[in-house]
Amino acid sequence: MLFIALKHIKAQRANLQQTNYLAAATPVFASVMLGHAIAARLGSKDLGVGIIHHAAHPHVERMPNKGGFLQGEPVLYRGATGDIASGGGGPMENAVQPAVTGDLDVSLIIAVDGVPSMERVEEVITEMRLRLAGGIVPALPRVEIKAGLDEAIRSCGRGFWIHDATGTVKARLGDGMDIIDAIMTPDPTGWYVPATLGYRALTRFRKRAGARDDLDHAYGEPLVGLVRYQSVKSPDFEPLGLWKHQWIGDSTFVVTQGD
6 MLFIALKHIK
16 AQRANLQQTN
26 YLAAATPVFA
36 SVMLGHAIAA
46 RLGSKDLGVG
56 IIHHAAHPHV
66 ERMPNKGGFL
76 QGEPVLYRGA
86 TGDIASGGGG
96 PMENAVQPAV
106 TGDLDVSLII
116 AVDGVPSMER
126 VEEVITEMRL
136 RLAGGIVPAL
146 PRVEIKAGLD
156 EAIRSCGRGF
166 WIHDATGTVK
176 ARLGDGMDII
186 DAIMTPDPTG
196 WYVPATLGYR
206 ALTRFRKRAG
216 ARDDLDHAYG
226 EPLVGLVRYQ
236 SVKSPDFEPL
246 GLWKHQWIGD
256 STFVVTQGD
C-alpha cells in the first residue's frame, strides 16, 4: 500500500451549500469521491482517503441593516442580460436560485494498492482538469508518494484532519436526543461540523433523459452526518482510519471512516 498526498488543492468558487438547509465548508463526500476517481484513472483500487482541511473562505457580502451593524449574507451571483429595453432590469439580472460558494484549500491522502509513479499521478490529475465540490482548481496540487500514512500527513503541513463523528451521534441518540439535535447540537469538547456523508435514492434507477454518460438515474436526497476537526499538530492527534465509500443495500450510498 502506498499513500498519494495531493497537497493544497485550492478550489475556487466551490459549492458550500450541502443541502437546502445546510451550508458548510466541509467537502467530505466530494473529497472521497475525487480520491476514488483519481485512483480509478491510475488503474488502482483506492483503499481510503484522508482529508486535511487547511482553509476556507466563504463568499460573503456585508450589508448594513436596520440596527446599524454589518450583517453577512452569502454572495448571490447574478446573470447577465441582453435585454436592452428593460435597461438591464429583467429577470435574468438576479440569481436563479440561492447558492453558497467559497474558496477551499484541502489536501487529500489517497491510499492505493498499486505502485504508481509520481509522473503518472501528475499526468492523471492534469488530464482530469481537477474540480472539488464543483470549484475549479486552476493550479495543480503538489504531489508526493509516501510509504506510510503518518509520513504523508506530515508532508502536508499544518491543517485539520477530518474525523468521522458518527460515534458521537450514536451516543447522543442513546441519551435520548432526537436525530436533529444529535447532529446539530454544539459540543464544547471539540470542533464538530455537520456535513453531507451520502445520498439515498428516492426512486428506482432507470434510464432518464439528460442523465450523464447514459447511466441509470434515480432522484435522491442527501444524508447529513457529523464530523470532527482536529489539528494535525495536536499532541493527541491520531488518524483513526481513512474515509471509504460503500453501498448500504441498493438505495443508500455513504462515506464512512474506519481502519
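Counting in this note's numbering, the sequence shown runs from 6 upward without gaps. Note that CB positions come from ideal geometry on N, CA and C, so glycine has one too.
As assigned by DSSP and simplified to three states, the class of residue i
| i | result |
| --- | --- |
| I89 | Interpretation of I89 is limited by its pLDDT of 49, a score under 50 that renders its predicted location unreliable; no figure is taken from the coordinates. |
| D241 | coil |
| R209 | coil |
| G77 | strand |
| A216 | coil |
| V105 | coil |
| V232 | strand |
| L27 | coil |
| A116 | strand |
| R163 | coil |
| D110 | strand |
| A200 | strand |
| V126 | helix |
8 Å Cβ shell around residue i - same chain, five flanking residues per side excluded
| i | result |
| --- | --- |
| I188 | V174, P199, V229, G230 and L231 |
| G87 | Low local confidence applies: a pLDDT of 46 at G87 is under 50, so the model's placement there is unreliable, with the coordinate-based value given in what follows. Once the five neighbours on either side are set aside, G87 has no close Cβ partner at all. |
| T190 | R177 and M182 |
| L137 | I14, A16, A19, P32, A35, S36, L39, L109 and V111 |
| V148 | I9, A10, L11, K12, M123, V126, E127 and I130 |
| R211 | D221, H222 and A223 |
| A216 | H222 |
| Q235 | F165, W166, H168, G195, W196 and F242 |
Proximity below 7 Å, CB of residue i to CB of residue j
| i | j | result |
| --- | --- | --- |
| R209 | E226 | no |
| H13 | S112 | yes |
| D51 | H58 | no |
| P146 | L11 | yes |
| V259 | L202 | yes |
| Q22 | A28 | yes |
| G107 | H62 | yes |
| I150 | M133 | no |
| I158 | V33 | no |
| V54 | W248 | yes |
| L207 | P121 | no |
Beta strand (DSSP E) segment containing residue i, residue limits
| i | result |
| --- | --- |
| K13 | Inspection of the sequence shows that residue 13 is occupied by His rather than by Lys. H13 -> beta strand (DSSP E) spans L7 to N20. |
| K151 | R147 to K151 |
| K249 | L247 to I253 |
| G195 | Element bounds for G195: n/a, residue is neither H nor E. |
| A187 | Looking at the DSSP string, A187 is not in any beta strand (DSSP E); the run it does join, the alpha helix (DSSP H), is I184 to M189. |
| V260 | T257 to G263 |
Residues of its chain near residue i, where Cβ-Cβ distance is below 7 Å and the 5 sequence neighbours each way are ignored
| i | result |
| --- | --- |
| T131 | L145 |
| A44 | K50, D51, I115 and V117 |
| G195 | R233 |
| R213 | H222 |
| G139 | A19 and N20 |
| P244 | G55, L154, I158 and W166 |
Unbroken alpha helix (DSSP H) run spanning residue i, endpoints
| i | result |
| --- | --- |
| L135 | Element bounds for L135: n/a, residue is neither H nor E. |
| A42 | V33 to R46 |
| V174 | T171 to G179 |
| I51 | The residue you asked about is not Ile; residue 51 is Asp in the sequence shown. Careful: D51 lies outside any alpha helix (DSSP H), inside the beta strand (DSSP E) at D51 to P63. |
7 Å Cβ cutoff, residue i in contact with chain C
| i | result |
| --- | --- |
| P63 | The structure shown contains no chain C, having only a single protein chain. |
Cβ neighbours of residue i in the same chain (closer than 6 Å, five flanking residues each side left out)
| i | result |
| --- | --- |
| L135 | V142 |
| H64 | V80, T106 and G107 |
| A85 | Here the model assigns A85 a pLDDT of 48, short of 50, so the residue's position is not dependable and the matter cannot be decided. |
Original post:
Okay, do the stretch 163-183 and the stretch 207-224 touch, 3+ Cβ pairs below 8 Å being the bar?
Top reply: Per the Cβ contact rule, the stretch 163-183 is not in contact with the stretch 207-224 (fewer than 3 Cβ pairs under 8 Å).
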